[in-house]
Amino acid sequence: MIKKILFIRRDNIGDLICTTPAIHAVRKKYPDAKIGILVNTYNVDAVRNNPDIDNIYVYEKAKHVPDKSKFSVWLNNLKVLLKIRKEQYDVAIGCGSYSPRLARYTYMTGAIARIGYLSKTVDRSKSYNIPLYDPEKPLHEAERVFNLLSPLGINDTPSPLRIFPADDEIQKVKDFLNASGVKKEKPLVAFHISSRRPENRWPADSFIELARLIAIRYDARILLLWSPGSEKNPYHPGDDGKAEIIINSIKTNMVAYKTTQLKELIAALSLADIVVCCDGGAMHIAAALGKPIVTIWGSTDPNRWKPWGVRHVILQGESKRAENISAQAVLDAVEKLLA
Numbered sequence: 129m130i131k132k133i134l135f136i137r138r139d140n141i142g143d144l145i146c147t148t149p150a151i152h153a154v155r156k157k158y159p160d161a162k163i164g165i166l167v168n169t170y171n172v173d174a175v176r177n178n179p180d181i182d183n184i185y186v187y188e189k190a191k192h193v194p195d196k197s198k199f200s201v202w203l204n205n206l207k208v209l210l211k212i213r214k215e216q217y218d219v220a221i222g223c224g225s226y227s228p229r230l231a232r233y234t235y236m237t238g239a240i241a242r243i244g245y246l247s248k249t250v251d252r253s254k255s256y257n258i259p260l261y262d263p264e265k266p267l268h269e270a271e272r273v274f275n276l277l278s279p280l281g282i283n284d285t286p287s288p289l290r291i292f293p294a295d296d297e298i299q300k301v302k303d304f305l306n307a308s309g310v311k312k313e314k315p316l317v318a319f320h321i322s323s324r325r326p327e328n329r330w331p332a333d334s335f336i337e338l339a340r341l342i343a344i345r346y347d348a349r350i351l352l353l354w355s356p357g358s359e360k361n362p363y364h365p366g367d368d369g370k371a372e373i374i375i376n377s378i379k380t381n382m383v384a385y386k387t388t389q390l391k392e393l394i395a396a397l398s399l400a401d402i403v404v405c406c407d408g409g410a411m412h413i414a415a416a417l418g419k420p421i422v423t424i425w426g427s428t429d430p431n432r433w434k435p436w437g438v439r440h441v442i443l444q445g446e447s448k449r450a451e452n453i454s455a456q457a458v459l460d461a462v463e464k465l466l467a
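So in the working numbering, spot 259 of the sequence shown is number 387, and the numbers just go up one at a time.
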């Protein structure tokens, strides 16, 4: 009998959120099981407050904590793995495409059954004793993770993504909007201007033009959101400079809410009526919150990473560079979703 199940998700915010349908399916199949998840300090807020999860284990990536020595990071992570081993999980699921490091982490959990993908170039694995090969046909990331549940007798279609904003953070955003004169009866359009990949980024001038077009067309307010920090930060490039350019150019129909933690961004997006963003973690947060989304797309594969389970419009040109999408095209997509 399966009593304890562990998910392992070492990747970025969007990858983790795309895992939540699989976690929810396991909770429904095994309602009395203890479900744990191993995540990192960067993405952990994406699973806070999730009622499907009993235990959250958090490890560090050295690049996320540059002020710490590698030995210190390694020692802390060893303590986390020892805590997991002590729990004696029946099943550990390495979520994501095959990587030797993910396979090693799954093995080190000490779980009896260890499920994960192998690449076609790998014949066997000591780490996974229930291996699956990467799917032949293209699948959305939510489907790829869900496919790993087949050894547990779960073969349904993934449900929508799940995320749960903190009540106190929602209240902070509401207080900010009220103090900024944003009225509840007017549509609130969230702009999230950041994306990790350069080819997925939309220029500041395009966001400025879109804000002006929206002001002409709609009696709406824009909520500006972005990844905090300097673009020169090699570990966490931010968009403080880009946001400042937009803020200084738009004076009438926009408010800017600076977030320093992921939980603040989740709460802010939860209050938007529609989200305009680039491909990235914020897009998946918005999808998990059930928001209509216009995504200005770059080079990534939309079949694998599009917003899952919500109304959305993807704008991707032949160049596969977000900068080549016009503000008018984005406005037309916004109009379609607001209709």
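Yeah, the Cβ is synthetic: ideal placement off N, Cα and C, and Gly gets one too.
According to DSSP, is residue i part of a helix, a strand, or is it coil?
i, result
"residue 320", "strand"
"residue 162", "strand"
"residue 352", "strand"
"residue 480", "This structure leaves residue 480 out entirely; the chain is present only between 129 and 467."
"residue 545", "Because residue 545 is not part of the residues shown, which for the chain are 129 to 467, the question remains open."
"residue 339", "helix"
"residue 168", "strand"
"residue 455", "helix"
"residue 307", "helix"
"residue 282", "coil"
"residue 183", "strand"
"residue 136", "strand"
"residue 301", "helix"
Give me, in chain order, the residues of the same chain whose beta-carbon lies closer than 8 Å to that of residue i; leave out the 5 immediate sequence neighbours on both sides.
i, result
"residue 449", "327, 426, 427"
"residue 233", "136, 138, 166, 209, 222"
"residue 180", "148, 151, 152, 154, 155, 163, 290"
Looking only at C-alpha atoms, which of the options sits nearest to residue i?
i, options, result
"residue 292", "403, 205, 457, 397", "397"
"residue 226", "201, 237, 132, 259", "259"
"residue 230", "253, 408, 319, 336", "253"
"residue 471", "374, 446, 441, 233", "Outside the modelled stretch of the chain, which goes from 129 to 467, sits residue 471, for which no answer is possible."
"residue 246", "232, 233, 238, 261", "261"
"residue 218", "353, 375, 158, 436", "158"
"residue 383", "238, 256, 320, 281", "320"
"residue 216", "270, 182, 187, 132", "132"
Let me see if you follow: with CB-CB separation under 8 Å, is residue i close to chain C or not?
i, result
"residue 304", "Considering every chain present, this structure includes no chain C. It has just one protein chain."
Leaving out five residues on either side along the sequence, give the residues of the same chain with a beta carbon under 6 Å from the beta carbon of residue i.
i, result
"residue 210", "none"
"residue 148", "289, 290"
"residue 235", "255"
What does a CB cutoff of less than 7 Å around residue i pick up in its chain, not counting 5 residues either side in sequence?
i, result
"residue 304", "385"
"residue 465", "402, 420, 422, 439, 441"
"residue 378", "336, 339"
"residue 407", "323, 328, 423, 425, 426, 428, 433"
"residue 177", "292, 294"
"residue 461", "422, 441, 443"
Exercise for the section: Specify whether the region 356-373 and the region 130-142 touch according to this definition: at least 3 beta carbon pairs, one from each stretch, less than 8 Å apart. Expected result: No contact exists between the region 356-373 and the region 130-142.
Problem - beta strand (DSSP E) runs contained entirely in the region 200-280, provided each spans 3 or more residues - result: As far as the region 200-280 is concerned, its whole beta strand (DSSP E) runs of at least 3 residues are 219-222, 241-246, 258-261.
Exercise for the section: Scan the region 386-422 and note each continuous beta strand (DSSP E) run of 3 residues or more that stays entirely inside, going in chain order. Expected result: Within the region 386-422, the complete beta strand (DSSP E) runs of at least 3 residues fall at 402-406.
Handout entry: Three-pair Cβ contact test at 8 Å for the region 279-296 versus the region 379-389
Key = The region 279-296 vs the region 379-389: no contact.
Exercise for the section: Determine contact between the region 311-330 and the region 262-279, defined as no fewer than three beta-carbon pairs at a distance below 8 Å. Expected result: The answer is no - the region 262-279 does not touch the region 311-330, with fewer than three Cβ pairs under 8 Å.
Practice task
Spell out a yes or no on whether the region 168-179 and the region 195-207 are touching, meaning 3 or more CB-CB pairs, one atom from each, closer than 8 Å.
Solution key: With a cut-off of 8 Å, the region 195-207 and the region 168-179 do not count as touching, because too few Cβ pairs lie within range.
Handout entry: Three or more C-beta pairs below 8 Å linking the region 262-271 and the region 361-372
Key = The way I'd put it, the region 262-271 doesn't touch the region 361-372; fewer than three beta-carbon pairs between them come closer than 8 Å.
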